[in-house]
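Quick note on numbering: full-length UniProt numbering labels position 78 of the sequence shown as 78, and the sequence is numbered without any gaps. Think of the CB as a built atom: it goes at the ideal place given N, C-alpha and C, for glycine as much as any other residue.
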Amino acid sequence: MRVATLVPGLAGRGVLLAAPDDAERVRRALVDGGFAVAEVAGPAAGLREAQAAIARALRLPETAGRNLDALVDSLRDLATWWPDDERVALLWPGAEELVEGDLPGFLTLTEILRAATDDLWRGGGPGDRQFETVAFVRRHGVRALGDA
(Lines of atoms letter the chains of each structure in order from A and count residues from 1; the text may use other names and numbers.)
(Lines give C-alpha, C1' and ligand atoms only; values in the text may rest on other atoms or scores of the structure.)
Protein backbone atom coordinates (compact mmCIF):
# COMPACT_ATOMS: atom_id res chain seq x y z
CA MET A 1 0.00 0.00 0.00
CA ARG A 2 1.36 3.39 -1.00
CA VAL A 3 1.77 6.26 1.46
CA ALA A 4 -0.62 8.39 -0.61
CA THR A 5 -3.30 5.73 -0.11
CA LEU A 6 -2.82 5.84 3.65
CA VAL A 7 -2.68 9.64 3.73
CA PRO A 8 -4.77 11.03 0.87
CA GLY A 9 -3.92 14.58 -0.12
CA LEU A 10 -0.13 14.35 -0.07
CA ALA A 11 1.53 15.66 -3.23
CA GLY A 12 4.17 13.71 -5.14
CA ARG A 13 5.29 10.15 -5.86
CA GLY A 14 8.15 8.42 -4.07
CA VAL A 15 8.94 11.67 -2.29
CA LEU A 16 5.70 13.18 -1.08
CA LEU A 17 5.33 16.70 0.27
CA ALA A 18 3.38 17.48 3.42
CA ALA A 19 2.85 20.47 5.68
CA PRO A 20 4.69 20.31 9.02
CA ASP A 21 1.36 20.71 10.85
CA ASP A 22 0.39 17.26 9.50
CA ALA A 23 3.52 15.46 10.76
CA GLU A 24 1.87 13.58 13.62
CA ARG A 25 -1.13 12.61 11.48
CA VAL A 26 1.20 11.28 8.76
CA ARG A 27 3.41 9.41 11.27
CA ARG A 28 0.41 7.78 12.93
CA ALA A 29 -1.11 6.72 9.59
CA LEU A 30 2.18 5.17 8.47
CA VAL A 31 2.70 3.23 11.69
CA ASP A 32 -0.92 2.05 11.65
CA GLY A 33 -0.42 1.05 7.99
CA GLY A 34 2.52 -1.22 8.83
CA PHE A 35 5.45 1.03 7.93
CA ALA A 36 8.65 1.21 9.93
CA VAL A 37 9.34 4.92 10.30
CA ALA A 38 12.77 6.55 10.17
CA GLU A 39 12.98 10.26 10.89
CA VAL A 40 15.64 12.74 9.83
CA ALA A 41 16.89 14.63 12.89
CA GLY A 42 16.82 18.38 12.42
CA PRO A 43 16.81 20.62 9.38
CA ALA A 44 19.82 21.00 7.10
CA ALA A 45 20.54 23.93 4.80
CA GLY A 46 23.17 22.14 2.68
CA LEU A 47 23.30 18.99 0.56
CA ARG A 48 26.00 17.16 2.54
CA GLU A 49 24.42 17.94 5.90
CA ALA A 50 21.02 16.70 4.69
CA GLN A 51 22.59 13.65 3.04
CA ALA A 52 24.34 12.70 6.29
CA ALA A 53 21.12 13.17 8.29
CA ILE A 54 19.17 10.97 5.84
CA ALA A 55 21.85 8.25 5.98
CA ARG A 56 21.82 8.32 9.81
CA ALA A 57 18.02 8.16 9.95
CA LEU A 58 18.00 5.12 7.66
CA ARG A 59 20.85 3.42 9.56
CA LEU A 60 22.99 3.35 6.39
CA PRO A 61 26.78 3.08 6.44
CA GLU A 62 28.69 6.27 7.24
CA THR A 63 29.96 6.49 3.66
CA ALA A 64 26.35 6.96 2.49
CA GLY A 65 26.32 10.24 4.36
CA ARG A 66 29.39 11.57 2.52
CA ASN A 67 29.24 10.12 -0.97
CA LEU A 68 26.22 10.24 -3.28
CA ASP A 69 27.16 6.99 -5.05
CA ALA A 70 27.42 5.27 -1.67
CA LEU A 71 24.00 6.65 -0.74
CA VAL A 72 22.51 5.22 -3.93
CA ASP A 73 24.18 1.83 -3.36
CA SER A 74 23.15 1.71 0.31
CA LEU A 75 19.54 2.50 -0.55
CA ARG A 76 19.56 -0.36 -3.06
CA ASP A 77 20.56 -2.60 -0.14
CA LEU A 78 17.87 -1.30 2.19
CA ALA A 79 16.92 -4.88 3.13
CA THR A 80 20.37 -5.23 4.72
CA TRP A 81 19.77 -2.25 7.01
CA TRP A 82 16.07 -2.98 7.63
CA PRO A 83 15.93 -6.80 7.55
CA ASP A 84 12.68 -7.12 9.49
CA ASP A 85 10.71 -4.39 7.75
CA GLU A 86 9.24 -4.71 4.25
CA ARG A 87 7.77 -1.20 4.41
CA VAL A 88 10.00 1.71 5.36
CA ALA A 89 9.02 5.37 5.36
CA LEU A 90 11.49 8.20 5.77
CA LEU A 91 10.06 11.31 7.41
CA TRP A 92 12.04 14.45 6.65
CA PRO A 93 10.96 17.38 8.85
CA GLY A 94 12.39 20.79 8.02
CA ALA A 95 13.01 19.93 4.37
CA GLU A 96 12.22 23.52 3.42
CA GLU A 97 15.59 24.51 4.93
CA LEU A 98 17.31 22.64 2.12
CA VAL A 99 14.81 23.92 -0.47
CA GLU A 100 15.65 27.47 0.55
CA GLY A 101 19.36 26.97 1.24
CA ASP A 102 20.34 24.64 -1.61
CA LEU A 103 17.56 23.91 -4.10
CA PRO A 104 19.85 21.91 -6.43
CA GLY A 105 20.90 19.81 -3.41
CA PHE A 106 17.26 19.21 -2.48
CA LEU A 107 16.47 18.15 -6.04
CA THR A 108 19.49 15.82 -6.11
CA LEU A 109 18.50 14.09 -2.86
CA THR A 110 14.84 13.81 -3.76
CA GLU A 111 15.74 12.29 -7.12
CA ILE A 112 17.94 9.70 -5.37
CA LEU A 113 15.16 8.91 -2.87
CA ARG A 114 12.54 8.73 -5.63
CA ALA A 115 14.73 6.38 -7.68
CA ALA A 116 15.16 4.17 -4.61
CA THR A 117 11.38 3.99 -4.28
CA ASP A 118 11.13 2.78 -7.88
CA ASP A 119 14.07 0.35 -7.62
CA LEU A 120 13.30 -1.36 -4.31
CA TRP A 121 9.95 -2.97 -5.06
CA ARG A 122 9.86 -5.55 -7.80
CA GLY A 123 6.70 -7.39 -6.88
CA GLY A 124 7.30 -8.75 -3.40
CA GLY A 125 10.29 -11.05 -3.88
CA PRO A 126 13.02 -11.65 -1.31
CA GLY A 127 14.79 -8.42 -0.43
CA ASP A 128 12.08 -6.19 -1.89
CA ARG A 129 11.22 -3.17 0.19
CA GLN A 130 8.49 -0.62 -0.15
CA PHE A 131 10.23 2.69 0.52
CA GLU A 132 8.81 6.19 0.40
CA THR A 133 9.78 9.58 1.78
CA VAL A 134 7.58 12.31 3.20
CA ALA A 135 9.31 15.70 3.15
CA PHE A 136 7.69 18.26 5.43
CA VAL A 137 7.85 21.66 3.78
CA ARG A 138 6.48 24.89 5.15
CA ARG A 139 5.38 27.33 2.45
CA HIS A 140 6.32 26.73 -1.20
CA GLY A 141 2.72 25.89 -2.05
CA VAL A 142 2.46 22.86 0.26
CA ARG A 143 -0.94 22.90 1.91
CA ALA A 144 -2.06 21.29 5.14
CA LEU A 145 -4.27 18.25 4.65
CA GLY A 146 -7.22 20.06 6.22
CA ASP A 147 -6.80 22.79 3.58
CA ALA A 148 -6.69 20.43 0.58
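Continuous beta strand (DSSP E) stretch holding residue i: start and end
| i | result |
| --- | --- |
| L16 | 15-18 |
| L91 | 87-92 |
C-beta atoms of residue i and residue j nearer than 7 Å
| i | j | result |
| --- | --- | --- |
| L98 | A44 | yes |
| V26 | R114 | no |
| F131 | T108 | no |
| D85 | A36 | yes |
| L6 | A23 | no |
| R87 | G9 | no |
| A79 | G127 | yes |
| A57 | A38 | yes |
Local Cβ density within 10 Å of residue i, reported as buried at 16 or more and exposed below that
| i | result |
| --- | --- |
| G65 | buried |
| A144 | exposed |
| V3 | buried |
| R129 | buried |
| V31 | exposed |
| R13 | exposed |
Unbroken alpha helix (DSSP H) run spanning residue i, endpoints
| i | result |
| --- | --- |
| V99 | 95-101 |
| T80 | 78-81 |
Check: Pairing CB atoms from the region 124-138 with CB atoms from the region 14-26, are three or more of them under 8 Å?
Finding: Judged by Cβ distances under 8 Å, the region 124-138 makes contact with the region 14-26, as three or more pairs qualify.
Note to self: My parser needs the alpha helix (DSSP H) runs of 4 or more residues fully inside the region 22-61; what are they?
What the structure shows: 23-32, 47-57
Next item on the list: Tell me, please, whether the region 94-110 touches the region 30-43 by the rule of three or more beta-carbon pairs shorter than 8 Å.
Entry: yes
Notebook entry, point to check: Would you say the region 58-66 touches the region 102-111, given that touching needs at least three Cβ pairs under 8 Å?
Noted result: no
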